[in-house]
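Chains as they are written, first to last, in our numbering: chain E, 2 to 309; chain R, 2 to 309.
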């Protein structure tokens with residue numbers, strides 16, 4: 002499937018609509034009670050748009066392994082939880098003490114609207130609510146097998162979001178910036194693998210686990226996702242250097258101005274471009290044996306050829 | 002058992018030692034890799050002392066219901082997870098955008114040592130690691146029954162720590178302070194119930210659940226804990242007004258100086274003292290039917306008669 006076809010675009014829209022619907026159903030809360038400012042800030046950040054890539058990946062990988070017996074309700078809990086964890090990480094990344102960003106995707110950031118204290122608490126509450134939502138899947142389990150899958154999915158989620166996953170990567174990134182010590186290649190590789198890669202890996206793995214895939218297949222999904230994460234982040238760095246500001250919705254060249262080490266500053270534009278192609282090729286070849294992976298592979302192709 | 006006896010003091014020390022040992026075993030991480038500043042900040046905050054009340058309550062309630070078959074390894078995962086959630090809430094409460102405290106229990110706060118960005122990330126990482134640690138209990142399950150107990154305990158933990166639990170209470174507290182709108186009695190009651198009460202309730206409930214208590218008994222523990230939380234917080238407010246600075250390790254009168262609504266400012270010292278006695282009496286009477294609750298009841302008695 003070519004990602005420039007109408008078929009691809011329609012399917013992508015349908016996947017995005019599904020992810021938005023799941024978020025509305027599981028993640029958005031009624032804004033009432035004394036915690037109203039918090040609930041309002043959480044909803045604001047959750048409904049700020051975005052590609053919804055992680056829950057879409059989770060759903061697509063689930064479909065690679067699922068048969069009609071497999072419980073999509075369990076999956077929906079984790080799709081929502083994953084997007085909440087991604088969202089909390091953005092809310093905290095944007096804080097004054099971190100990247101100090103007032104705008105994201107053309108909208109004011111959460112702390113810019115609700116203040117710094119509620120920004121911190123909204124991130125905390127989103128992270129916690131992700132686990133509350135994922136735990137909700139236990140109530141929909143109809144067998145011991147279901148319970149084991151949910152338990153395994155929860156373990157993956159918590160590991161990949163944690164200190165040896167995403168938060169670990171954020172730390173390396175922030176620490177380099179706050180100490181004015183630009184990263185070397187090894188540190189940058191670590192940061193990309195954890196900060197960007199870990200949640201994408203978790204999305205692929207959880208999709209597979211909830212559809213009953215075996216450990217070997219789950220490992221294969223983890224490897225494929227790791228290549229997708231790398232290719233995706235390098236493409237991000239390339240776009241920051243040579244992208245179209247209007248299409249990106251943000252100024253380009255910010256990494257260079259901040260003297261930040263990126264894949265492009267460390268490897269050069271040419272090698273970066275080659276590596277995007279190489280890593281995405283690795284991901285695609287790990288997926289090509291699956292009969293139903295056509296759209297997933299096209300989606301990966303679209304991401305590494307994107308201009309926004 | 003009288004809480005002024007040697008027997009009580011020895012038992013309390015033994016419970017505290019056990020909680021510290023569990024924390025060292027499950028929560029403290031080797032400080033290595035590019036996320037070292039984060040791991041170091043997490044360990045710093047986790048080893049800052051404190052009463053370790055929540056894991057101690059969890060263990061004592063577990064013992065009320067457990068027989069020799071019940072798996073204490075499952076419990077240990079949750080004791081550690083609970084203390085990590087309590088610790089993250091303190092780390093974030095102390096941040097400049099929140100209470101802006103540079104000292105806690107006579108030691109510099111986490112952000113004061115590691116900077117604000119690492120302070121935010123360390124709190125995030127502690128919250129996430131709490132769930133990672135609690136999920137680790139699934140690996141020690143030896144039956145479907147064990148799995149069901151761990152799943153239920155996880156659900157309680159995530160609910161009581163979340164937007165309708167502790168974080169909700171923090172929000173009401175912070176919001177009143179940031180907007181300079183002192184709380185009325187209803188708001189204060191909400192804040193005490195969620196900010197202080199929710200994690201104590203979860204500790205009692207999880208102890209009961211992991212020992213196989215039935216839903217009615219779990220409800221009874223939740224009610225008892227709710228009274229303990231109220232009595233504990235009101236006593237805190239009393240000590241802030243009339244306590245001994247040296248014994249408390251912090252200046253008294255800070256609530257009054259900050260024109261903060263507390264139980265004492267809203268109800269007066271006399272009624273506050275009566276309510277501590279009344280609420281702790283309610284808690285004790287819910288526990289008195291349990292043959293093995295003697296030490297737990299003495300501990301509750303010591304908390305409401307404490308001077309630090």
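For every residue, glycine included, the Cβ atom is placed at its ideal position computed from N, Cα and C.
Own chain, CB closer than 6 Å to residue i, minus 5 neighbours either side, in chain order
i              : result
residue 304(R) : 233
residue 263(E) : 238, 256
residue 177(R) : 184
residue 155(E) : 135
residue 102(R) : 95, 110
residue 307(R) : none
residue 4(E)   : 299, 302, 303
residue 227(R) : 198, 202
Residue span of the alpha helix (DSSP H) that contains residue i, given as start and end
i              : result
residue 170(R) : 167-179
residue 139(R) : Where residue 139(R) is concerned, there is no enclosing alpha helix (DSSP H), given that its DSSP letter is neither H nor E.
residue 88(R)  : 73-94
residue 210(E) : 199-211
residue 282(E) : 270-288
residue 316(R) : Here chain R has residues from 2 to 309 only, and residue 316(R) is not among them.
residue 249(E) : 246-249
residue 194(E) : Note, residue 194(E): premise wrong, no alpha helix (DSSP H); not H, not E.
residue 28(R)  : Neither: residue 28(R) is in no alpha helix (DSSP H) and is coded neither H nor E.
Integer-rounded CB distance, given that residue j should sit under 8 Å from residue i
i              : j              : result
residue 125(E) : residue 168(R) : 6 Å
residue 43(E)  : residue 128(E) : The Cβ separation is near 11 Å, so there is no contact.
residue 39(E)  : residue 122(E) : 6 Å
residue 170(E) : residue 209(E) : Contact doesn't hold; Cβ gap of about 22 Å is too wide.
residue 118(E) : residue 118(R) : That belief does not hold up - the Cβ atoms of residue 118(E) and residue 118(R) are roughly 16 Å apart, past 8 Å.
residue 284(E) : residue 229(E) : 5 Å
residue 53(R)  : residue 8(R)   : About 19 Å; that fails the 8 Å criterion.
residue 222(E) : residue 205(E) : 4 Å
residue 132(R) : residue 159(E) : 4 Å
residue 315(R) : residue 78(R)  : Nothing about residue 315(R) can be reported from this structure: the residues present for chain R run from 2 to 309 only.
residue 116(R) : residue 161(E) : With 8 Å as the limit, residue 116(R) and residue 161(E) do not qualify as a contact, their Cβ atoms being about 26 Å apart.
Reduced DSSP secondary structure (H/G/I, E/B, other) of residue i
i              : result
residue 53(R)  : coil
residue 35(R)  : coil
residue 108(E) : strand
residue 260(E) : coil
residue 241(E) : helix
residue 309(E) : coil
residue 254(E) : coil
residue 189(E) : helix
residue 43(R)  : helix
residue 291(R) : coil
residue 266(R) : helix
residue 116(E) : coil
residue 70(E)  : coil
residue 129(R) : helix
residue 3(E)   : coil
residue 215(E) : coil
residue 11(R)  : helix
residue 98(R)  : coil
residue 222(E) : helix
residue 59(R)  : helix
residue 103(R) : coil
residue 148(R) : helix
Close-in-space but distant-in-sequence residues of the same chain around residue i (CB under 7 Å, 5 per side omitted)
i              : result
residue 104(E) : 110
residue 141(E) : 72, 74, 75
residue 24(E)  : 47, 81, 84
residue 1(R)   : No answer is possible for residue 1(R): it lies beyond the span of chain R, which begins at 2 and ends at 309.
8 Å Cβ shell around residue i - same chain, five flanking residues per side excluded
i              : result
residue 189(E) : 262, 263, 264, 267
residue 186(E) : 267, 268
Residue i: CB within 8 Å of a non-hydrogen atom of the ligand FAD
i              : result
residue 154(R) : The model on display carries no ligand, and the ligand FAD is accordingly not part of it.
Validate contact between the segment 284-304 of chain R and the segment 61-70 of chain R using beta carbons, cut 8 Å, 3 pairs = yes
Within the chosen definition, does the segment 187-201 of chain E reach the segment 214-224 of chain E through at least 3 CB pairs nearer than 8 Å?
-> no
Decide if the segment 154-168 of chain R is in contact with the segment 15-24 of chain R; the criterion is three or more beta carbon pairs, one per stretch, under 8 Å apart.
-> no
Do three or more CB pairs link the segment 143-159 of chain E to the segment 142-152 of chain R at distances below 8 Å?
-> yes
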